[in-house]
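Data block below; observations after.
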Ligand SMILES: [Zn+2]
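Numbering (my numbering), first residue to last: 37 to 413.
Put into structure tokens, the structure is as follows:
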């Protein structure tokens with residue numbers, strides 16, 4: 037299978053540091069079967085051993101070194117692609133999968149006849165009943181829209197069950213937080229085009245994410261993870277998935293300047309999240325009364341937000357900070373926090389915590405209420 041190895045080389049790189057993970061058939065939180073893979077040959081061997089029987093997952097991103105697989109220093113990782121997952125939720129498929137997994141957990145060959153029947157039924161749903169069509173159609177539509185904006189289609193793969201994957205490649209780039217940037221992008225795309233099957237959870241932990249290795253057979257259906265194009269019909273894709281033939285893969289065909297777009301999102305989102313995470317730290321406020329701001333301890337509130345004050349005047353019952361509003365330089369510190377709110381002697385902004393939410397975040401009353409409601413839950 038030299039073809040497959042060269043496919044992996046083109047897809048994952050000449051040398052890389054990823055895990056190949058084969059989750060066990062029974063659910064156990066802390067037990068994972070995984071191997072370090074560093075080249076296409078390694079990967080090929082593990083896929084070959086497990087394909088059709090077990091999951092075949094590998095990290096989306098290269099960790100840069102063997103040591104970094106443990107340390108997970110994101111600065112050393114190579115962020116050179118974005119991965120999107122389209123997945124249909126289908127109650128009938130779910131039940132069959134559970135039944136199959138239940139049998140499998142007692143041994144690969146346990147209840148063999150019953151297993152075969154379930155696999156057959158699963159295949160019928162996927163191939164004849166076209167359970168995966170919605171995901172495939174949405175992935176194709178995404179590919180078209182993506183090309184319109186960024187110039188190239190993403191590489192599309194059918195997952196071998198009820199979903200599909202899209203990868204786009206770019207120059208290895210540093211991000212402050214690629215998870216945030218990708219999540220924002222995916223959410224935006226999902227909202228704009230109303231994609232029902234785009235799975236957002238995939239982007240929330242993009243860095244640690246593993247995805248199905250191309251050309252392995254799905255452990256439950258026996259169907260292979262195969263590439264497809266926007267011109268392939270559903271029947272074409274199913275045919276190819278049953279009888280996969282390894283295609284040549286050229287990363288350049290799927291490379292764009294998407295990273296530049298992602299970097300812009302990254303800057304905004306990582307800044308927003310810093311502020312948000314400060315606000316989310318408990319206890320932000322002591323919520324004694326839903327309506328009255330008089331009962332809010334403003335010094336505690338600003339401490340949770342800005343840290344320890346620059347100067348404290350216990351006798352006078354106020355503290356001073358450098359002004360958090362960035363529209364003026366504040367060496368002094370000029371931002372006074374007293375029992376009922378704040379006042380900046382530099383820029384003149386003043387008010388209580390409610391006004392602060394408005395001025396600092398640009399939120400309206402509705403957004404503040406919503407935020408505070410969530411905090412109280
Ligand atoms: Zn100020």
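Note that beta-carbon positions come from the ideal geometry of N, C-alpha and C, so glycine has one too. As the structure is a computational prediction, the values presented were derived from the model and not from experiment.
DSSP, read as helix, strand or coil, puts residue 372 in strand. The C-beta distance from residue 96 to residue 242 rounds to 7 angstroms, short enough to meet the 8 angstroms contact threshold.
Residue 311 and residue 104 have their C-alpha atoms some 29 angstroms from each other.
Here the distance from the Cβ of residue 377 to the nearest heavy atom of ligand 1 is not below 6 angstroms. In this structure, the straight-line span from the alpha carbon of residue 175 to that of residue 197 is close to 15 angstroms. Between the alpha carbons of residue 304 and residue 271 lies a gap of roughly 43 angstroms. For residue 69, the enclosing beta strand (DSSP E) starts and ends at 69-73. The C-beta separation of residue 203 from residue 119 comes to about 5 angstroms, placing the pair in contact by the 8 angstroms criterion. At least 7 angstroms separates the beta-carbon of residue 54 from that of residue 69. Using a Cβ distance threshold of 7 angstroms, residue 294 and residue 186 count as a contacting pair. The C-alpha of residue 244 lies about 18 angstroms from the C-alpha of residue 122. A residue is listed when its beta-carbon falls short of 7 angstroms from at least one non-hydrogen atom of ligand 1; in chain order these are 359, 361, 364, 366, 370, 371, 380, 382, 383, 385. Residue 95: member of the beta strand (DSSP E) spanning 93-95, first to last residue.
Collapsing the DSSP output to three states places residue 103 in coil. When the Cα atoms are used, residue 275 and residue 126 turn out to be separated by approximately 22 angstroms. Residue 301 holds the alpha-carbon nearest to the alpha-carbon of residue 223 among 376, 164, 301.
Comparing alpha carbon positions, the residue from 42, 46, 39, 73 closest to residue 52 is 73. For residue 246, the three-state secondary structure derived from DSSP is strand. For residue 233, the closest of 286, 221, 168, 251 by C-alpha to C-alpha distance is 168.
A Cβ-Cβ distance of about 6 angstroms is found for the pair residue 261 and residue 252, placing them in contact under the 8 angstroms criterion. Here DSSP, grouped into helix, strand and coil, assigns residue 234 to strand. Around the beta carbon of residue 117, a 10 Å sphere encloses 16 or more other beta carbons of the protein chains shown; the residue is thus reported as buried. Membership of residue 192 in the beta strand (DSSP E) is indicated by the continuous run 191-194. DSSP, read as helix, strand or coil, puts residue 344 in coil. Residue state for residue 251 is assigned as coil, using DSSP reduced to three classes.
DSSP lists 114 as the beta-bridge partner residues of residue 98.
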